[in-house]
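Chains as they are written, first to last, in my numbering: chain L, 1 to 188; chain Z, 189 to 419. Positions of the beta carbon are idealized from the N, C-alpha and C atoms, including for glycine. Some notes on the structure that comes next.
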Ligand SMILES: [Zn+2]
């Protein structure tokens, strides 16, 4: 197992420690790792320095309060914190809702049970995703990264890069399919 | 239910990234209710988002941020940590599964906070055999979302648009230039795209349509209908 996977598991362990023991030391370490990254990410999405700082603090406060809801089987710590940051930004800056499927919806069509034997941990999946992204051609990494960083539409990405919208979409399709293929079917 | 038509990778990524407005997100959430494959793809895109966020250049937090935060840890959490209330006032509290069947069709959870009572809803006449219900009466952004009820054999007026238009079928089916769409299927029509769905089964086709920009109609009859539809 690589050191990055250990990192992912260590980060998940800190969230668990907050949930189970209200561990402030673990919280400080998580804050030092994620706070500045959440802030940088939100600024790349167009938030001002102070907006991004306030939001990043909000996100970390939510991590503290909702640590008990973190499920390391479903998502890596970085993925879970990413979704908190995403939802806070939509709530606070856009003042909109973001409808999501409800896991308890009687109409929800279930997925086939994943095979437990072959299943990777979410921390291992994170490592595979990073490895997969490192093997993508630069132009595919560029559109994939831009599609997360910038709060702009794909047509704006096309304008910025000076390429047709169809090209942006086909690069995204290729990049995302390649990541999915390299991560493999184990992803549940 | 076998879902055959799915959102593009670009759309799944945009939903996972949080770049879709409320209307298009509502359409995605409805399709995701019916489609475990796309739910897995969104989870994977979120994992990519987590990796991108974690590898983004850190920006130092302001002085005292950590101390301020530590001071807030034990403050009681505010009541409403849920997203802002829906833009439509006709909201009902969390309903029991028994109340999920409304007006003959069961509504997926994401739609329930936008349609309180389908059976008692005031459908708006749009054209022969076509009625609609505005789902976002007080939109905060540019997105629109509406539910359409199209009688068998009827055609939705031909229309094009500046942005993206998504359609998800809840009941019945329609056919357009891209194929046949049944319950759970999502149709994605791009900027500059144009389509003319026709309801093609024995029951009313009930679907929801979301856009991120106003629709424009082509041809003189649809142009006359455009103001009526409020598109
Ligand atoms: Zn799907």
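Judged by beta-carbon spacing, residue 334 of chain Z lies within the 8 Å limit of residue 396 of chain Z, meaning their Cβ atoms are closer than that value. When only Cα atoms are considered, residue 38 of chain L and residue 19 of chain L end up about 21 Å apart. Taking a 10 Å sphere around the C-beta of residue 134 of chain L, we find fewer than 16 other C-beta atoms and assign the residue as exposed. In terms of beta-carbon proximity, residue 41 of chain L lines the interface with chain Z, with at least one pair separated by less than 8 Å. Not a single heavy atom of ligand 1 lies less than 7 Å from the C-beta of residue 230 of chain Z. At a C-beta separation below 9 Å, residue 176 of chain L has these neighbours in chain Z: 197, 198, 200, 201, 229, 232, 233 and 236. Within the segment 239-262 of chain Z, contact with chain L at the beta-carbon level (separation under 8 Å) is assigned to 239, 240, 241, 242, 243, 244, 245, 246, 247, 248, 249, 250, 253, 254, 256, 257, 258, 260 and 261. When the Cα atoms are used, residue 156 of chain L and residue 24 of chain L turn out to be separated by approximately 42 Å. Annotation: residue 357 of chain Z is outside any alpha helix (DSSP H); the continuous beta strand (DSSP E) that includes it extends over 353-359.
Residue 210 of chain Z is positioned such that its CB atom lies closer than 8 Å to that of residue 328 of chain Z. The alpha-carbon of residue 13 of chain L is positioned some 32 Å away from that of residue 109 of chain L.
Across the set Z:213, Z:224 and Z:232, the C-alpha of Z:232 shows the shortest separation from the C-alpha of residue 177 of chain L.
For ligand 1, a non-hydrogen atom lies closer than 7 Å to the CB of residue 191 of chain Z. Using a CB distance below 9 Å, the part of the segment 67-97 of chain L facing chain Z consists of 74, 75, 76, 77, 78, 79, 80, 81, 82, 83, 85, 86, 87, 89, 90, 91, 94, 95, 96 and 97, ordered along the chain. In this structure, residue 225 of chain Z has its beta carbon less than 7 Å from a heavy atom of ligand 1. Here residue 320 of chain Z is buried, its C-beta having at least 16 other C-beta atoms within 10 Å. Excluding the 5 residues flanking it on each side, residue 67 of chain L has same chain C-beta neighbours closer than 7 Å at 15, 18 and 19, in chain order. DSSP places residue 244 of chain Z in the coil class of the three-state scheme, outside both helix and strand.
Look at the segment 209-222 of chain Z: the residues with a C-beta under 7 Å from a C-beta of chain L are 209, 210, 213, 214, 217, 220, 221 and 222.
Contact between residue 229 of chain Z and residue 169 of chain L fails: their C-beta atoms lie close to 15 Å from each other, not under 8 Å.
Assignment of beta-bridge partners to residue 398 of chain Z by DSSP yields Z:333 and Z:354. Under the Cβ distance rule, residue 14 of chain L does not count among the residues neighbouring chain Z, no pair being separated by less than 8 Å.
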